[in-house]
Structures are given as structure tokens and as C-alpha cells.
Amino acid sequence: MIFRQLFDSASGTYSYLLASRRGGEALIIDPVLEKVERYLQLVNELDL
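The numbers in my numbering rise by one with no breaks, and the one at position 27 of the sequence shown is 72.
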């Protein structure tokens with residue numbers, strides 16, 4: 046299982062990325078719209 050906790054200091058929001066394995070699908074819980082590019086970068090880095 047892949048788990049990442051992501052913090053956005055501007056909004057004070059914690060977001061979470063979950064995936065069962067590399068090469069699989071991922072889920073982002075409580076995303077911050079302004080951080081979409083960062084999420085996409087992380088998804089690519091983790092091969093999700």
C-alpha cells in the first residue's frame with residue numbers, strides 16, 4: 046500500500062494519496078484545487 050500525507054500551508058489543509066500498488070490507480074482524499082499539478086507530479090513519480 047502507498048500512503049502519502051500532503052500539507053498545504055496556504056489553506057492549512059491535509060490531503061492524502063492512497064494506492065494499493067505501483068502501476069495501479071490512486072485516490073486523493075480532500076484535495077486542494079490549487080495543488081493539482083503537484084498531485085499529478087507525485088502520481089507520475091510513484092508510477093500510478
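Note that the Cβ used here is the ideal one computed from N, Cα and C, for glycine as well.
Residue i versus residue j: straight-line alpha-carbon distance, rounded
i: GLY68; j: ARG83; result: 18 angstroms
i: TYR61; j: VAL77; result: 10 angstroms
i: ILE50; j: ILE73; result: Position check: residue 50 holds Gln in this sequence, whereas Ile was assumed. Their backbone Cα atoms lie some 10 angstroms apart in a straight line.
i: SER54; j: VAL81; result: 15 angstroms
i: GLU79; j: ASN89; result: 18 angstroms
Top-ranked residue by Cα proximity to residue i, from the options
i: MET46; options: GLY57, LEU93 and SER65; result: SER65
i: LEU91; options: LEU63, ASP75, GLU79 and SER54; result: LEU63
i: GLY57; options: ALA71, GLU70 and ASP75; result: ASP75
Residues that DSSP places opposite residue i in a beta bridge
i: SER60; result: LEU51
Short Cβ contact (8 angstroms threshold) for residue i with residue j
i: LEU93; j: ALA71; result: yes
i: TYR59; j: PHE52; result: yes
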